[in-house]
Amino acid sequence: MSGLPISELIVFICIVAVYLAAAVVGVLQLSAAREKCRHLLTPLVSLAVVLEAVMLIFRAVAIKAVPLTGLFESMIVLTIVFALTYLFFSIVIRQVWFGSVMVWIILAMILMAGIVA
């Protein structure tokens, strides 16, 4: 993560914070307070997808190329794909475990992207 410019680092920290909040909401869904937290997961994941798109735009400007040439950018795109898959499947799959597990998988992937940055 030390190789990122300050603007990208700030956006990346925001992405991690949003996914961490979504992971906490995913765990809270499994408890007795699931009705209170049920509608928070989708907006949090949507916000994180938007922030990841902003991150890719910053990377494209920084490297002056399509931001899919490095491992970090590819992992960001992969987390966007998983997040969009979750958003589309969450319309059909109403299981509480699905949202919780998907958000934790996406959080793990974004943390791995931070390691390779």
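The letter at position 1 of the sequence shown is residue 0 when you use numbering that gives the first Met the number 0, and the numbering goes up by one with no holes.
Every residue gets a Cβ at the ideal spot worked out from N, C-alpha and C, and that includes glycine.
- About 11 angstroms separates the beta carbon of L40 from that of V26, a gap too long to meet the 8 angstroms contact definition.
- Taking the Cβ atoms as the reference, V115 lies roughly 18 angstroms from A82, outside the contact range of under 8 angstroms.
- Taking I109 as the centre and dropping the five residues before and after it, the same chain places the C-beta of I14, V15, Y18 and T78 closer than 7 angstroms to its C-beta, in chain order.
- No Cβ-Cβ contact shorter than 8 angstroms links S6 with F71.
- Going by beta carbons, V65 and A59 fall inside the 8 angstroms limit.
- Excluding five sequence positions before and after S73, the CB atoms of its chain that fall closer than 8 angstroms to its own CB belong to L67, given in chain order.
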